[in-house]
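Protein chains in written order, with numbering that gives the first Met the number 0: chain A, 0 to 388; chain B, 0 to 388; chain C, 0 to 151; chain D, 0 to 151. All residues carry an ideal CB built from backbone N, CA and C; glycine is no exception. As the structure is a computational prediction, the values presented were derived from the model and not from experiment.
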Amino acid sequence: MQKVYLDYSATTPVKKEVLDEMIPYFTEKFGNPSSLYEIGADSKEAITKARGQVAGLIGAGEKEIIFTSCGSESDNWALIGTAEAKKDKGNHIITTAIEHHAVLHTCKYLEKHGFEVTYLGVDEDGRINLSELEAAITDKTILISIMFINNEMGAIQPIKEAAAIAKKHGIWFHTDAVQALGNVEIDVKELGVDMMSMSAHKIYGPKGIGAMYLRKGVVLPGFIHGGAQEFKKRAGTESVPNIVGFGKAAELAKENLSEHIARLSELRDYFIKEVTTKIPDVDVNGGMKYRHPGNVNLTFNFIEGESLLILLDMKGICISTGSACSSASLVPSHVLSALGVPVEKIHGSLRFSIGDFTTKEDLDYTVENLIEIVAKLRTISSVSSEKGW
Amino acid sequence: MQKVYLDYSATTPVKKEVLDEMIPYFTEKFGNPSSLYEIGADSKEAITKARGQVAGLIGAGEKEIIFTSCGSESDNWALIGTAEAKKDKGNHIITTAIEHHAVLHTCKYLEKHGFEVTYLGVDEDGRINLSELEAAITDKTILISIMFINNEMGAIQPIKEAAAIAKKHGIWFHTDAVQALGNVEIDVKELGVDMMSMSAHKIYGPKGIGAMYLRKGVVLPGFIHGGAQEFKKRAGTESVPNIVGFGKAAELAKENLSEHIARLSELRDYFIKEVTTKIPDVDVNGGMKYRHPGNVNLTFNFIEGESLLILLDMKGICISTGSACSSASLVPSHVLSALGVPVEKIHGSLRFSIGDFTTKEDLDYTVENLIEIVAKLRTISSVSSEKGW
Amino acid sequence: MAMYNDKVMDLFMNPQNVGEIENADGVGTYGSPVCGDMMKMSLKIENNVIVDAKFKTFGCGSAIASSSMATEMIIGKTIDEALNITNKDVLKELGGLPGPKIHCSVLSEQAIKAAIYDYAQKHGLEFEGLKDYDPNASEDDHLHEHDEEDGE
Amino acid sequence: MAMYNDKVMDLFMNPQNVGEIENADGVGTYGSPVCGDMMKMSLKIENNVIVDAKFKTFGCGSAIASSSMATEMIIGKTIDEALNITNKDVLKELGGLPGPKIHCSVLSEQAIKAAIYDYAQKHGLEFEGLKDYDPNASEDDHLHEHDEEDGE
Ligand SMILES: Cc1ncc(COP(=O)(O)O)c(C=O)c1O
Ligand SMILES: Cc1ncc(COP(=O)(O)O)c(C=O)c1O
Chain A
0 MQKVYLDYSA TTPVKKEVLD EMIPYFTEKF GNPSSLYEIG ADSKEAITKA
50 RGQVAGLIGA GEKEIIFTSC GSESDNWALI GTAEAKKDKG NHIITTAIEH
100 HAVLHTCKYL EKHGFEVTYL GVDEDGRINL SELEAAITDK TILISIMFIN
150 NEMGAIQPIK EAAAIAKKHG IWFHTDAVQA LGNVEIDVKE LGVDMMSMSA
200 HKIYGPKGIG AMYLRKGVVL PGFIHGGAQE FKKRAGTESV PNIVGFGKAA
250 ELAKENLSEH IARLSELRDY FIKEVTTKIP DVDVNGGMKY RHPGNVNLTF
300 NFIEGESLLI LLDMKGICIS TGSACSSASL VPSHVLSALG VPVEKIHGSL
350 RFSIGDFTTK EDLDYTVENL IEIVAKLRTI SSVSSEKGW
Chain B
0 MQKVYLDYSA TTPVKKEVLD EMIPYFTEKF GNPSSLYEIG ADSKEAITKA
50 RGQVAGLIGA GEKEIIFTSC GSESDNWALI GTAEAKKDKG NHIITTAIEH
100 HAVLHTCKYL EKHGFEVTYL GVDEDGRINL SELEAAITDK TILISIMFIN
150 NEMGAIQPIK EAAAIAKKHG IWFHTDAVQA LGNVEIDVKE LGVDMMSMSA
200 HKIYGPKGIG AMYLRKGVVL PGFIHGGAQE FKKRAGTESV PNIVGFGKAA
250 ELAKENLSEH IARLSELRDY FIKEVTTKIP DVDVNGGMKY RHPGNVNLTF
300 NFIEGESLLI LLDMKGICIS TGSACSSASL VPSHVLSALG VPVEKIHGSL
350 RFSIGDFTTK EDLDYTVENL IEIVAKLRTI SSVSSEKGW
Chain C
0 MAMYNDKVMD LFMNPQNVGE IENADGVGTY GSPVCGDMMK MSLKIENNVI
50 VDAKFKTFGC GSAIASSSMA TEMIIGKTID EALNITNKDV LKELGGLPGP
100 KIHCSVLSEQ AIKAAIYDYA QKHGLEFEGL KDYDPNASED DHLHEHDEED
150 GE
Chain D
0 MAMYNDKVMD LFMNPQNVGE IENADGVGTY GSPVCGDMMK MSLKIENNVI
50 VDAKFKTFGC GSAIASSSMA TEMIIGKTID EALNITNKDV LKELGGLPGP
100 KIHCSVLSEQ AIKAAIYDYA QKHGLEFEGL KDYDPNASED DHLHEHDEED
150 GE
């Protein structure tokens, strides 16, 4: 059976070049980077190289990159660390209603511990309003955390402008760039952010390794205490092979960036055109102007997303429902809700995310199957275009 | 040049069987375990299998194993999570003076946040005194955290007895078993511990993956907030290949346990006998009765450890100094200090740790070189057995 | 699809009794698109026996499979027998559903009751099995496990 | 050993002027085993010129290399010249040391001073370069970066 993976925003396969770099560090070059002898020093050097590669992708200084175990840890660290560092200054945090759970749930946690959080809404295109952001600032505001690119509908936020507002008010600015890394140009100096979360497994690197960009001068308390690793900012024996893999993935991402963006955008636009012209009653969620190059979020009206997802899986097509009824979730996507998509339409929404190994043939095969499956599920459905919802 | 790795307590190479299991999960089987489609479900299944393998090594239930990013994270989580969960009950924690920094520095962190910590001393053999432990308990005590096996001098603590004392007083009990896993028989049910920290890279698994045993019924607040991974107890896309590797390493450790212990103990005793009979003025630090089967901690009187370490490295021999002058540390080992070893002797202490790939020939080669290098450094030294310290 | 068993998958892929009966004797719907699942059940009833049943469902795979199973289970049954069918019976016939999907079986139990209630109303009949039936109860009043967040 | 440069490694592996001069004109020690490094320096002095110098050091590789370098630097120098040698000069000759090891170069500067001080005491001499010298100062009073913890 043909296999079509269209869930690159969920995770990506590790590229061969990346895995090849990692392999030696499991077996021969397995020294602990804290050790003084040669194979220890080799591991340390490998980390330094990877740090440079990740720094290079985002225009950071080498010492501004701290490896963590995942994007979620970076998000938790940024929020909880800032809360701790700045609690004498205030207890107010501003974020958006469309953040990833790693940010949202950490905010909920902080709310239980005396912090107040403002969740900015977004417009139809999925973007925040900068005057709303500025208006939300109080003299107790210690952190603004705004995701760079949304994982469900791909909206790209005005990070540079938002960071400038934060700076003007002397407030730390964090951005969750897990979906943005390798999918848009990022220059942290130009953006003016203080902290930025990243994760390797979204850019063809391994799972279980993330990083934090921590601008020089931002003194964030440690999150995992213990050994002196990562400039004493993150304890724990370094995940050397994963770090090496992250570095290589970052290097490749940098090399291919403009081509990657151009290619994905073209495929994305082609796919949207095909689906919306060949299948009736399909909505595109989120705006097209500021959008992740590989993100497609569609509502297939009158059918429920999970059933569509399963039937596509039977045809070898892997996609994701950000909506109800996923195995771990029955609650409709908070992101599409924030966009103003009615709940019943959220239940019929699916995310297709395109990546480096996606071909036009993959998309044609997907469209073909979608036509058939959507028609079938609509015959079964108790709602329809004639009768309405 | 011959290569002799004698630093298995620092980290271990990944065994071939382990790496072989991991490889497919980087490239073909790369699905996100939270995804509904087949390759997602495959990843989820792989995690479940690994969870069973780790649980099997320590006699735990499958749902009692939560994967974390490292031993340090597990330690931090146990301490900070308990502090949070139990803060209404009290603010007192009991631990030992010889814990790993992942515990000690987390205690320091908690001390800054209003908690009080008692650090139990140890006897000459490196073991705590159980009546001292019980005497230290107050009605504010919320946690007792005692490491299973010390990483520097290998002392095995009376965990079962200590856990029983904790239980008697209704106090949660945590043990840092990072060095114990795979090196002693562990049955968590029989031991009666509530939480236990583990790390894969000490048992021939990959770096950057750890686990927490969380006894059913112990409700510990999350440490990394976000997605619903790991029974909602630890957010972040799972480090699937590393988890698979940890599982396989645990399986192998279980299969080989008694042979591993017997073999290492024999090599250890042989090495100690050789060194102490062939080189004068060598002290063995820590007791021999309750000791990590692969741990050898020696003081070469009148010379400084790092210089010895470097000259051994020049001969391809990898060992570690728990003492002064390691690249990241100029402070003499807190562990040997707690044992009562005088500071000047700590400066001359080295740890040799033996593992599955160590041969008798490796040890003979090491002894040969030690004889020569120790003699050379003693000629240079400004202290000597004749003149004394 | 590892999350569903073969029986459920089979019914989902090849659902039986899909459609609407013309001039049905009883029609009932349960659930709503807002809740993510809505089932419409129409019945043909002769001499107190359900001789035909058809469904239309907006919902996930297990909602569709449950609907299909429920129609199969009631065809040929008397009304009283049909009213005795609980979501547990549907679940059992399906060979089980994943935890968060159990409510889908409730959906079909309730849709059966709604259709029979409609029939009872039209014919001025009363059934023991409808004694406690509240036609205005919403899905949320019944078992509907909410489970949050995804993990990507 | 990636942490030391070749020059330092070479001096550590093959230290020059190891030993003690019999009937030395000045002998000084600096540091202590408790601090992890102790250097003993003995000098042969003729006509205000250091004609020979030998050392014995308990310490790490960079302490040994610094000691060796220091003896080489002072042999042939006048006492005043030798007293002018600072730890920075030793560092420079060594081509640098890793951050936490800088204090090892202080060790050798101080050991030179201690040995000359001993010579001065014995002969009732005074030297400009010893004006501020405190024979009882301990290592901790000088640059000694403390850096904690290991990372395993
Ligand atoms: C006793 C002990 N606890 C905790 C740790 C920390 O484990 P990790 O390096 O996986 O964070 C180590 C070793 O690194 C250890 O030896
Ligand atoms: C926007 C965003 N933030 C954070 C994360 C969390 O990253 P990780 O899975 O590495 O913890 C993800 C994806 O998982 C994401 O898409």
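query: Cα-Cα separation between A:THR236 and A:ALA135, rounded to whole angstroms; result: 41 Å
query: Sufficient close CB pairs (3 or more, under 8 Å) joining the region 19 to 39 of chain D to the region 120 to 132 of chain C; result: no
query: Proximity winner among A:ILE143, A:THR67, A:ASP363, relative to A:ILE242 (alpha-carbon distances); result: A:THR67
query: C:PRO32 at chain A interface by Cβ criterion, 8 Å; result: yes
query: Outcome for A:GLU305 when other beta-carbon atoms lying within 10 angstroms are tallied against a minimum of 16; result: buried
query: Touch test, the region 279 to 294 of chain B against the region 115 to 130 of chain B, Cβ-Cβ under 8 Å, three pairs minimum; result: yes
query: Segment contact flag, the region 207 to 227 of chain A with the region 80 to 87 of chain A, C-beta cutoff 8 Å, min 3 pairs; result: yes
query: Other residues of its chain near A:SER326: CB distance less than 7 Å, five sequence neighbours each side excluded; result: Note that A:SER326 scores 40 on pLDDT, short of 50, meaning its location in the model is unreliable and no value can be drawn from it.
query: Whether B:ALA249 touches B:VAL53 by CB criterion (8 Å); result: yes
query: Minimum C-alpha distance to D:PRO134 - residue among D:ILE115, D:LYS53, D:LEU124; result: D:ILE115
query: Distance between B:LYS314 and B:MET0 (C-alpha atoms, nearest Å); result: 7 Å
query: Local conformation of C:LYS55 per DSSP, three classes; result: strand
query: Cβ of A:GLU237 within 8 Å of any chain B Cβ; result: yes
query: CA-to-CA distance, B:HIS200 to B:SER427, given in whole angstroms; result: The question about residue 427 of chain B has no answer, for chain B in this structure spans 0 to 388.
query: Min CB distance B:ASN149 to chain A below 8 Å; result: no
query: Ligand 1 heavy atom lying under 7 Å from the CB of A:THR236; result: yes
query: Under 7 Å from the C-beta of D:MET68: neighbouring residues of chain B; result: Within 7 Å Cβ-Cβ: nothing; D:MET68 doesn't reach chain B, min ~14 Å.
query: Run of the beta strand (DSSP E) containing B:ARG350, from where it starts to where it stops; result: 348 to 352
query: Assigned exposure category for B:HIS112 - 16 Cβ within 10 Å defines buried; result: exposed
query: Minimum C-alpha distance to B:LEU311 - residue among B:TYR118, B:THR298, B:ASN368; result: B:ASN368
query: The region 2 to 21 of chain A contacting the region 348 to 359 of chain A, beta-carbon criterion three pairs below 8 Å; result: yes
query: Close Cβ partners of A:ILE379 (< 7 Å) along its chain, the five nearest in sequence each way excluded; result: none
query: Residue closest to B:THR105, alpha-carbon to alpha-carbon, out of B:LYS85, B:ASP87, B:SER73; result: B:SER73
query: Residue-level contact to chain B via CB, D:VAL105, 8 Å cutoff; result: no
query: Distance CB(A:ALA96)-CB(A:HIS333) smaller than 8 Å; result: yes
query: Whole-angstrom distance between D:ASN83 and D:ASP51, CA atom to CA atom; result: 18 Å
query: Stretch pair the region 4 to 15 of chain D + the region 57 to 77 of chain D: three plus CB contacts closer than 8 Å; result: yes
query: When B:PHE301, B:GLY58, B:PHE245 are compared against D:GLY35, the one with the closest alpha-carbon; result: B:PHE301
query: Residues of the region 9 to 24 of chain C whose Cβ lies closer than 8 Å to any Cβ of chain A, in chain order; result: PHE11, MET12, PRO14, VAL17
query: Under 8 Å between C-beta atoms of A:SER8 and A:ASN150; result: yes
query: Neighbourhood of A:LYS375 by C-beta distance below 8 Å, restricted to the same chain and skipping five residues each side; result: LEU310
query: Paired residues, beta bridge with A:ILE93 - DSSP; result: A:THR117, A:ILE143
query: For A:THR365, the first and last residue of its enclosing alpha helix (DSSP H); result: 359 to 379
query: Buried versus exposed, by CB contacts within 10 Å (16 or more), B:ASN294; result: buried
query: D:ALA114 beta carbon near ligand 1 (any heavy atom closer than 7 Å); result: no
query: Whether A:MET146 touches A:HIS91 by CB criterion (8 Å); result: no
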